[in-house]
Amino acid sequence: MSGRARAGAFAPPNGISGFKGLGSVNVVTVNLGESSYDIQIGSGLLPTLGRRCVSRGLTGRAAVVTNPTVNALYGDAVQRSLTSAGFSVTMIEIPDGEEFKNAVTLNRVYDALIEAGLDRRSFIVALGGGVVGDLAGFAAATFMRGIPFVQVPTTLLAQVDSSVGGKTAIDHPRGKNLIGAFYQPRLVLVDVETLSTLPKREYCAGLAEVVKYGVALDGSFFDYLERHADALLAMDVECLMAVIQRCCELKAQVVELDEKETGIRQALNYGHTLGHALETLAGYRSLVHGEAVAIGMALAARICALRGECGDDDVARILKLLGYLGLSVTPPAVEPSQLLDALLKDKKSREGGINFICNHGIGNYTVAQLSPEELLTLSGLGV
Ligand SMILES: NC(=O)c1ccc[n+]([C@@H]2O[C@H](COP(=O)([O-])OP(=O)(O)OC[C@H]3O[C@@H](n4cnc5c(N)ncnc54)[C@H](O)[C@@H]3O)[C@@H](O)[C@H]2O)c1
Ligand SMILES: [Zn+2]
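As structure tokens, this is what we get:
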């Protein structure tokens, strides 16, 4: 299987549909029939959240699920905006960290929703990074058999990836994201201004997912990232809006074609097979997700060169861009047998091997069936 996202060459800022410069809102629509929704991207949008929820037809009580870090920074602005648009608002804090994306926290959220009197005409707002978005989204998918929810992503990773596409989940002691649902939000509101407070490490980790879109799906976007790496590192608002919009467009196209991940949506797993295994083995927070994905992409690119899918020049460009964006491409020292175990447990592995996403040159992907043993050898991590 192979492919690339539809749409022609990436030529922002002027070539982006709807791009009107600072002060504007860029809109990407995810077309999924009755479950369609808009991703609205701009700078300084948080105070407009309430009226945007009204115009999406949302009513009643709003429960904002967030964590103490994000609440301290943006909770007031969100609460004020929702209140002045006529909603009664309950703030629900969950502890900060992946280790709390679990059933215990989810139950506390259900308790708080019941306590606050939310019913089927109410809605949930997920205010935070991917952890908050995944857990609050799953709460919305399951509370009273499903109530509407709105994503307000505040990390770069959540703005370009996790808030779009409707995957919601909590972790299980036996593995990440094992309990979840496909459940689309009613609206995604991306305020790039929230990135100004994000720790640099988290910002760079998000850039790894940005690079992923270019390598696997859009070569012109990759070129753009190379040319605008300095602007991205400087968090130039115009550049950020263009980049987030392009990532959301690519994710939307992929999700529209394959909402439940049976085909092209797999392309978004580029760099994730080895990345995820290394993330698990490296131990708590020694690698954050995007950092592990950057290493996984570097290994994937080298594997693809060995398999004749891309040239050494492509590999060099990918490694150079990742390095320039502050991402290490050196794998941590891991025991080969442990890595093999982690690959064998990969939930995407099937009989006959793992569906390994290869970059075909830069901007196209193919899927190869590789056994965990082959992957270990090709990656050079097996010795
Ligand atoms: N649903 C999907 O399709 C999908 C895709 C990719 C990843 N994910 C999930 O996303 C999660 C990772 O998300 P993440 O990288 O956003 O991590 P995260 O949610 O843990 O956020 C990272 C850190 O940044 C803090 N933070 C968030 N916004 C901030 C801001 N504006 N200013 C200052 N600090 C801020 C958070 O409190 C946290 O400490 C994982 O659980 C992963 O499984 C889901
Ligand atoms: Zn990822």
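If you're matching positions, the sequence shown starts at 1191 in my numbering and goes up one per residue. No residue lacks a Cβ here, since even glycine has one placed at the ideal position from N, Cα and C. Bear in mind that the values here come from a model prediction, so they are computed numbers and not experimental data.
message = For S1353 and I1337, which I take to be in contact (beta-carbon distance under 8 angstroms), what is that distance rounded to the nearest angstrom?
response = That pair is no contact at about 17 angstroms.
message = Our contact map puts L1430 next to Y1403 with C-beta atoms below 8 angstroms; I'd like the distance itself, whole angstroms only.
response = Contact doesn't hold; Cβ gap of about 14 angstroms is too wide.
message = Give me, in chain order, the residues of the same chain whose beta-carbon lies closer than 6 angstroms to that of A1495; leave out the 5 immediate sequence neighbours on both sides.
response = For A1495, where only same-chain residues beyond five positions count, the Cβ hits under 6 angstroms are D1502 and V1505.
task = Compute the minimum distance between the beta carbon of V1587 and the heavy atoms of ligand 2, and state whether it is under 7 angstroms.
result = The first residue shown for the chain is 1191 and the last is 1573, placing residue 1587 beyond what the model contains.
query = Between T1344, N1292 and E1288, which lies nearest to V1315 when the distance is taken from Cα to Cα?
reply = Here the closest residue by C-alpha is T1344.
Buried versus exposed, by CB contacts within 10 Å (16 or more), S1569 = By the neighbour-count rule (16 or more Cβ atoms within 10 Å), S1569 is buried.
inquiry  = Does D1228 come out as helix, strand or coil in the three-state DSSP assignment?
reply    = If DSSP states are grouped into helix, strand and coil, D1228 belongs with the strands.
query = So V1255 and E1392 are in contact, right, with Cβ under 8 angstroms, and what is the actual spacing, rounded?
reply = Actually they do not touch by this definition, with Cβ atoms about 19 angstroms apart.
request  = Pull up the CB-CB distance for Y1264 and T1384, whole angstroms please, since I reckon it's below 8 angstroms.
outcome  = Sure, about 6 angstroms apart at Cβ, within 8 angstroms.
Contact between the region 1529-1536 and the region 1447-1459 (3+ Cβ pairs under 8 angstroms) = No, because fewer than three Cβ pairs between the region 1529-1536 and the region 1447-1459 fall closer than 8 angstroms, the two stretches do not touch.
message = I need the DSSP call for G1365, collapsed to helix, strand or coil.
response = Three-state result, G1365: strand.
ask   = By how many angstroms is the C-alpha of V1260 removed from the C-alpha of L1296?
value = Rounded to whole angstroms, the separation of the alpha carbons of V1260 and L1296 is 18 angstroms.
ask   = Using the rule of at least 16 other Cβ atoms within 10 Å of the residue's Cβ for burial, across every protein chain shown, is S1271 buried or exposed?
value = A residue is called buried once 16 or more other Cβ atoms fall within 10 Å of its Cβ, and S1271 is buried on that count.
ask   = Taking M1334 as the reference, which of Q1349, G1356, V1524 and L1303 has the closest Cα?
value = Nearest option by C-alpha distance: L1303.
inquiry  = How far does the beta strand (DSSP E) with V1550 in it extend, from its first residue to its last?
reply    = First, the amino acid is wrong: residue 1550 is His here, not Val. Unbroken beta strand (DSSP E) run through H1550: G1543 to H1550.
ask   = What is the rounded straight-line gap between the Cα of L1397 and the Cα of E1469?
value = Each residue's Cα considered, the two are about 17 angstroms apart.
query = Is L1239 buried or exposed, if buried means 16 or more other CB atoms sit within 10 Å of its CB?
reply = Buried is the call here.
key: Residue of V1217, L1515 and P1363 minimising C-alpha distance to L1377   = Shortest Cα-Cα distance from L1377 to any of V1217, L1515 and P1363 involves V1217.
request  = Please indicate yes or no: does the CB of E1288 lie closer than 7 angstroms to some heavy atom of ligand 1?
outcome  = A heavy atom of ligand 1 is found nearer than 7 angstroms to the CB of E1288.
request  = Assign Y1264 to one of three DSSP states: helix, strand, or coil.
outcome  = Residue state, collapsed to three classes: helix.
message = Nearer than 7 angstroms: is that true of the beta carbon of S1561 relative to any heavy atom of ligand 1?
response = No, ligand 1 has no heavy atom inside 7 angstroms of this Cβ.
query = Applying the criterion that 16 or more other CB atoms from any shown protein chain within 10 Å of the CB defines a buried residue, is L1534 buried or exposed?
reply = That one is exposed.
message = So, with DSSP's three-state summary, where would you put I1206?
response = Here I1206 scores only 35 on pLDDT, less than 50, and its place in the model is too uncertain to base an answer on.
query = Can you round the beta-carbon distance between L1415 and L1317 to whole angstroms, since I take them to be within the 8 angstroms contact cut?
reply = With 8 angstroms as the limit, L1415 and L1317 do not qualify as a contact, their Cβ atoms being about 28 angstroms apart.
ask   = Once you ignore the five residues that flank E1446 on each side, which residues in its own chain have a CB closer than 7 angstroms to its CB?
value = Here E1446 has V1220, N1221 and L1222 as same chain residues with Cβ atoms under 7 angstroms from its own Cβ, once five neighbours each way along the sequence are excluded.
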